[in-house]
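Student:
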Amino acid sequence: MKRRHFLLLAGSVSLAGLGRLGCFRLARPSAPSGPLSKKAQALIGRALEGLDSSRLLDAHVHLVGLGAGGTGCYVNSRMTSLWSPISYARFSIYRTASGVKDDERADAQYLERLLALAAAVPGLRLLAMAFDQVHDEEGRPQKEESEFFVPNDYVLRLARAHPEKLVPCASIHPYRKDAVAELERVAREGAQAVKWLPNAMRIDPSSPRCDGFYSKLAELELPLITHAGEEKAVDAEEAQRFGNPLHLRRPLERGVKVVVAHCASLGKNPDLDAEVKSGQERPWAENFELFLRLMGEKRWEGRLYADISALAQVNRHGRIRDVLAREELLPRLINGSDYPLPAINVLIQTGALEKAGYLTSEERAALNEIDQHNPLLFDLVLKRTLKVPSEGAERRFPAEAFAARKELFPKLS
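For what it's worth, the numbering used here labels the leading residue of the sequence shown as 959, then goes sequentially.
1. Please determine, among 1070, 1319 and 1187, the residue with the shortest C-alpha to C-alpha distance to residue 1268.
2. Which complete alpha helix (DSSP H) runs does the stretch 1024-1051 hold, if anything under 4 residues is left out?
3. Between which two residues does the alpha helix (DSSP H) containing residue 1308 stretch?
4. Return helix, strand or coil for residue 1228, following the three-state DSSP convention.
5. Got a sec: is the Cβ-Cβ distance from residue 1336 to anything in chain D below 7 Å?
6. Taking the DSSP output, what are the residues bridged to residue 1373?
7. What are the boundary residues of the alpha helix (DSSP H) that residue 1010 is part of?
8. On a CA-only basis, which of 1027, 1209 and 1087 is nearest residue 1061? Give me that one, please.
9. So, is residue 1343 buried or exposed, given that buried needs 16 or more other C-beta atoms within 10 angstroms?
10. Please name the residue, chosen from 1216, 1043, 1081 and 1008, that lies closest to residue 1355 on a Cα-to-Cα basis.
11. By Cβ distance below 7 Å, which residues in the same chain neighbour residue 1327 in space, the five residues on each side in sequence not counted?
12. If we ignore side chains and look at the alpha-carbon of each, how far apart do residue 1214 and residue 1127 end up?
13. Might you give, ordered along the chain, the residues of its own chain that have their beta carbon closer than 7 Å to the beta carbon of residue 1321, omitting 5 neighbours on each side?
14. Report the start-end ranges of each beta strand (DSSP E) in the stretch 1047-1100 that is 3 residues or longer and not cut off at the edges.
15. Report the rounded CA-to-CA distance for residue 1370 versus residue 1309, giving the unit in angstroms.
16. Where does residue 1249 sit, in a helix, a strand or coil, going by DSSP?
17. Reducing DSSP to helix, strand and coil, say where residue 1111 ends up.
18. Can you tell me which of 1212, 1140 and 1201 puts its alpha carbon nearest to the alpha carbon of residue 1229?
19. What do you get for residue 1296, buried or exposed, if any count of 16 or more other CB atoms within 10 angstroms of its CB means buried?
20. Who are the Cβ neighbours of residue 1361 in its own chain at under 8 Å, not counting the five residues just before and after it?
21. For residue 1242, which beta-bridge partners are listed by DSSP?
22. Leaving out the 5 sequence neighbours to the left and right, which residues in its chain are closer than 7 Å to residue 1101 when beta-carbon positions are compared?
23. If residue 1086 sits next to residue 1117, beta carbons under 8 Å apart, how far is it from one beta carbon to the other, in whole angstroms?
24. Under three-state DSSP, which class holds residue 1022?
25. Indicate the three-state DSSP secondary structure (helix, strand or coil) for residue 1106 in the structure shown.
26. State buried or exposed for residue 1234, treating a residue as buried only when at least 16 other CB atoms are found within 10 Å of its CB.
27. Does the Cβ of residue 1160 have 16 or more other Cβ atoms within 10 Å, making it buried, or fewer, making it exposed?
28. Comparing C-alpha positions only, which one of 1189, 1289 and 1079 sits nearest to residue 1264?
29. From the DSSP output, in three-state form, read off residue 1203 for me.
30. Which residues in the same chain have their Cβ closer than 7 Å to the Cβ of residue 1069, if we skip the five residues on either side of it in sequence?
31. Pull up the distance between the alpha-carbon of residue 1345 and that of residue 1279, whole angstroms please.
32. Taking the CB atoms as reference points, tell me whether residue 1109 and residue 1030 lie closer together than 7 Å.
33. Can you tell me the Cα-Cα spacing of residue 1097 and residue 1048, whole angstroms?
34. Please return the same chain residues whose Cβ sits closer than 6 Å to the Cβ of residue 1148, not counting the five positions on each side in sequence.
35. Run through DSSP, which three-state label would residue 1125 get?
36. Taking the alpha carbon of residue 1283 as the reference point, which residue from 1323, 1272, 1334 and 1351 has its own alpha carbon closest?
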């Protein structure tokens, strides 16, 4: 049996990284060591300048829990067992990074930490994501195959309790027998989007069985935020193929507004557009190149977007230059932190970003200081600071990418 690697939120924390850096350095400290310097405060002020605080949105935030307090959440027992040492080590890092110190209060502590971090950014709202279980071909839930589960009801309840900070994003496996009915229900209760991770949830976005779900999504005008590209927590090649960006033509053809998470910035997949002679296999292409092809198709303008979550991570940051170099992409980007990932040191390395020319040494020093105080604020300031030289000027992620775009979230604009 192939071994799965935790964590679905990011498979990029390597065992080598654990040994080299030590667990205590992988997670951000739970509290700052002192006040921010004037240079750090100035960088924050510069980052927030030009942003409309009434529309400020982090459109990719995970809620996770162990089920403490009756939340209905769970994490697969493989992640909490010493019999799976790699998975357990990674889970321990995420638990520390998320501010969880007591498993009996894990869900509440995760939420408390998240809300405290968000409170430091005036007006910032978080699109808080549910995460559905794996379902089989017959639409039956497969708990043992699901790495974690965050119910829609939990996310909706928290959003009602904290409307100034949390915006609910549902997650519904389209093979569910009640998928359309559940979509109608969560829309009535305030969900503003739907989240998929096809590789991990075992969803084929190009399957006709999704058509009814797509039609209802389009009717309700809810965007589909879906992972595309490689997912490091999935071993099976056939599951990785569900992340092929070209599969997303099917929901687009049916009128769904689609947000491609992470700009499909990792891995390769078969080029479904390539001509194939008899007896030959399809050639493979970078998922990012397939994503660019999809974004370049005129018929999807006004319907196809991408989020920049995780682009600053050490295994993806080379794509920042590629994204910013394409002016036509900039009006179609939305920001997301992919929290809790910014709270893990090894994933975002400011030294590598400085070396790549995205930051100055002074900016890096200030960012490192902000990082020690608030990883969510750090993620926002970092993305507002990153730049790429272009024709004698500098290209940065536009201010509008950090706002709730009216084309996607009309009720938040």
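Ideal placement from N, C-alpha and C gives every residue a C-beta, glycine not left out.
Since we're looking at a predicted model, the values are computed, not measured.
Tutor: Let me spell this out:
1. As a position in the sequence shown, residue 1268 is number 310, starting the count at 1. The candidate whose alpha carbon is nearest that of residue 1268 is 1187.
2. none
3. In the sequence shown, the residue the question calls residue 1308 occupies position 350. It spans 1308-1313 - the alpha helix (DSSP H) in which residue 1308 sits, taken as one unbroken run.
4. Within the sequence shown, the letter at position 270 stands for residue 1228. DSSP places residue 1228 in strand when its eight states are reduced to three.
5. Looking for chain D here will not work: only one protein chain is present.
6. One cannot answer for residue 1373 here, as it falls past the ends of the chain, which runs 959 to 1371.
7. Here residue 1010 is taken as the residue at index 52 of the sequence shown, counted from 1. First-last for residue 1010: undefined, no H or E at that position.
8. Here residue 1061 refers to the residue found at position 103 when the sequence shown is read from its first residue. Among 1027, 1209 and 1087, the Cα nearest to that of residue 1061 belongs to 1027.
9. Translated into the one-based positions of the sequence shown, residue 1343 becomes position 385. Buried.
10. Residue mapping note: residue 1355 aligns to position 397 of the sequence shown, counting from 1. Among 1216, 1043, 1081 and 1008, the Cα nearest to that of residue 1355 is on 1008.
11. Position 369 of the sequence shown holds residue 1327. Correct list, in chain order: 994, 995 and 998.
12. Residue numbering aside, residue 1214 sits at position 256 when the sequence shown is read from its first letter. Residue numbering aside, residue 1127 sits at position 169 when the sequence shown is read from its first letter. Rounded to whole angstroms, residue 1214 to residue 1127 spans 16 Å at the Cα level.
13. As a position in the sequence shown, residue 1321 is number 363, starting the count at 1. If we look at residue 1321 and ignore the five residues flanking it on each side, its Cβ neighbours are 1001 and 1343.
14. Taking only runs of at least 3 residues, the beta strand (DSSP E) segments lying wholly in the stretch 1047-1100 are 1083-1087.
15. Counting from one through the sequence shown, the residue named residue 1370 turns up at place 412. Counting from one through the sequence shown, the residue named residue 1309 turns up at place 351. The alpha-carbon separation between residue 1370 and residue 1309 amounts to approximately 36 Å.
16. Position 291 of the sequence shown, counted from the first residue, corresponds to residue 1249. In the three-state DSSP reduction, residue 1249 falls in the helix class (H, G or I).
17. Position 153 of the sequence shown, counted from the first residue, corresponds to residue 1111. Helix at residue 1111.
18. Your numbering for residue 1229 matches position 271 in the sequence shown. Of 1212, 1140 and 1201, the residue nearest in Cα terms is 1201.
19. Stepping through the sequence shown from its first residue, residue 1296 is reached at position 338. Residue 1296 is buried by the Cβ-count criterion.
20. Counting from 1 along the sequence shown, the entry for residue 1361 is found at position 403. Cβ within range, chain order: 1009, 1010, 1013, 1014, 1015 and 1371.
21. Taking the first residue of the sequence shown as position 1, residue 1242 is located at position 284. The partner list for residue 1242 (beta bridge, DSSP) reads 1228.
22. The residue labelled residue 1101 in the question sits at position 143 within the sequence shown. In chain order, 1091 place their CB closer than 7 Å to the CB of residue 1101, counting only its own chain and leaving out the 5 sequence neighbours on each side.
23. Locating residue 1086 in the sequence shown gives position 128, counting from the first residue. Locating residue 1117 in the sequence shown gives position 159, counting from the first residue. Contact annotation, residue 1086 with residue 1117: C-beta distance approximately 7 Å; criterion of less than 8 Å satisfied.
24. Locating residue 1022 in the sequence shown gives position 64, where the first residue counts as 1. Three-state result, residue 1022: coil.
25. For this step, residue 1106 is matched to residue 148 along the sequence shown. Residue 1106: strand per DSSP, three-state reduction.
26. Position 276 of the sequence shown holds residue 1234. Result: exposed.
27. Position 202 of the sequence shown, counted from the start, is the residue given in the question as residue 1160. So residue 1160 counts as buried.
28. To locate residue 1264, count along the sequence shown from 1; it is residue 306. Residue 1289 is the option with its Cα nearest to residue 1264.
29. Stepping through the sequence shown from its first residue, residue 1203 is reached at position 245. Residue state, collapsed to three classes: helix.
30. The sequence position of residue 1069 within the sequence shown is 111, counting from 1. Within the same chain, 1116 come within 7 Å of residue 1069 by CB-CB distance, once the 5 residues on both sides are set aside.
31. Locating residue 1345 in the sequence shown gives position 387, counting from the first residue. Locating residue 1279 in the sequence shown gives position 321, counting from the first residue. Taking the straight line from one Cα to the other gives about 8 Å.
32. Counting from 1 along the sequence shown, the entry for residue 1109 is found at position 151. Counting from 1 along the sequence shown, the entry for residue 1030 is found at position 72. It is a contact, given that the beta carbons lie within the stated cut-off.
33. For this step, residue 1097 is matched to residue 139 along the sequence shown. For this step, residue 1048 is matched to residue 90 along the sequence shown. A straight-line Cα-Cα distance of about 30 Å links residue 1097 and residue 1048.
34. Here residue 1148 refers to the residue found at position 190 when the sequence shown is read from its first residue. Only 1126 meet the Cβ criterion.
35. Locating residue 1125 in the sequence shown gives position 167, counting from the first residue. Here residue 1125 carries a strand assignment [DSSP, helix/strand/coil].
36. Translated into the one-based positions of the sequence shown, residue 1283 becomes position 325. Among 1323, 1272, 1334 and 1351, the Cα nearest to that of residue 1283 belongs to 1351.
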